[in-house]
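Just so you know, this note's numbering puts 150 at position 142 of the sequence shown, and the rest follows in order with no gaps.
Everything on this sheet refers to the single structure shown next.
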Amino acid sequence: MIEIVRLHGVPVSIISDRDARFTSKFWKGLQLALGTRLDFNTTFHPQTDGQRERLNQVLEDMLRACVLEFSGSWDSHLHMMEFAYNNSYQATIGMTPFEALYGKYYRSSVCWCEIRHKSYANVRRKDLEFNVEDMVFLKVAPMKGVLRFEKKGKLSPRFVGPFEILERIGPVAYRLALPPSLSVVHDVFHVSMLRKYVADPTHVVDFEPLQIYEDLSYEEQPVEILAREVNMLRSQGISLVKVLWRNHGVEEATWEREEDMRAQYPKLFED
Numbered sequence: 009m010i011e012i013v014r015l016h017g018v019p020v021s022i023i024s025d026r027d028a029r030f031t032s033k034f035w036k037g038l039q040l041a042l043g044t045r046l047d048f049n050t051t052f053h054p055q056t057d058g059q060r061e062r063l064n065q066v067l068e069d070m071l072r073a074c075v076l077e078f079s080g081s082w083d084s085h086l087h088m089m090e091f092a093y094n095n096s097y098q099a100t101i102g103m104t105p106f107e108a109l110y111g112k113y114y115r116s117s118v119c120w121c122e123i124r125h126k127s128y129a130n131v132r133r134k135d136l137e138f139n140v141e142d143m144v145f146l147k148v149a150p151m152k153g154v155l156r157f158e159k160k161g162k163l164s165p166r167f168v169g170p171f172e173i174l175e176r177i178g179p180v181a182y183r184l185a186l187p188p189s190l191s192v193v194h195d196v197f198h199v200s201m202l203r204k205y206v207a208d209p210t211h212v213v214d215f216e217p218l219q220i221y222e223d224l225s226y227e228e229q230p231v232e233i234l235a236r237e238v239n240m241l242r243s244q245g246i247s248l249v250k251v252l253w254r255n256h257g258v259e260e261a262t263w264e265r266e267e268d269m270r271a272q273y274p275k276l277f278e279d
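As structure tokens, then:
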């Protein structure tokens, strides 16, 4: 009501998953009173709401870039990310979100040049290709369910490397020279898993401290406990520990439940 209805009015319909919050009697009753139709997607079929899924993917990529650039102070730069997205052309509506909402362009050199640059890019665009002996990054992903950074684990860097290309296998696959620590991983990868190497060590996750699994996932590892505190909820105290994670600075240390950390990383608490 405060952020949506106040500014934009009551929506005609809302597409969502079948989370208990969206299927509750309160939520259904509220939307019925407002005259909003509720549409639910099919279980394990997020393509029903593909536009929202794509938006989430774009915002996640923008946030990841913000985290890599500003590290521990990334949240203080979110207003810049919001402006960048709202002032970017959206093909689905044929204009920027700013223009759709306010009926006018917002002054920005990016907005002025975007269409012209797009036409230049389309003329010059070609399928991604690499040559033998090129250096590339390999795409990996944090394991699902790992405590590290709670929800912010999605913002971890996606690539390790660089690795040398040994051989081209067909039009869209390449064989890489992997180190012994990645011996469990098959050494042939689709081109979509690779990114051209650009010499900037601040944007790379070093593969040596990581245990890469066969499905190209890895688990974040805690280094040490920096501090402890107890949060009181009514009459119950919850013990928390501030954890320093490998490949991340002190400013990115996170507070975690001590009980969960002891269960998942018992060696961290050995004296």
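Glycine is no exception: its CB is placed at the ideal position from the N, C-alpha and C atoms.
- Taking every protein chain shown into account, the CB of Ile246 has fewer than 16 other CB atoms within 10 angstroms, so this residue is exposed.
- In terms of CA proximity to Val148, Phe167 leads the group Lys36, Phe167, Leu252, Glu137.
- Residue range 33 to 42 is occupied by the alpha helix (DSSP H) that includes Trp35.
- Here DSSP, grouped into helix, strand and coil, assigns Arg60 to helix.
- Secondary structure of Leu15 (DSSP, three-state): helix.
- Per DSSP, Phe106 is one residue of the alpha helix (DSSP H) stretching across 105 to 110.
- Judged by DSSP secondary structure, Leu252 falls within the beta strand (DSSP E) whose first and last residues are 244 to 253.
- Of all alpha-carbon atoms in Ser81, Arg29, Tyr93, Ser84, the one lying nearest the alpha-carbon of Met70 is that of Tyr93.
- Judged by DSSP secondary structure, Asn239 falls within the beta strand (DSSP E) whose first and last residues are 230 to 241.
- Taken through DSSP and simplified to helix, strand or coil, Glu141 comes out as coil.
- Cβ atoms of Ile177 and Leu184 stay farther apart than 8 Å, at about 11 Å.
- Between the alpha carbons of His16 and Asp83 lies a distance of about 26 Å.
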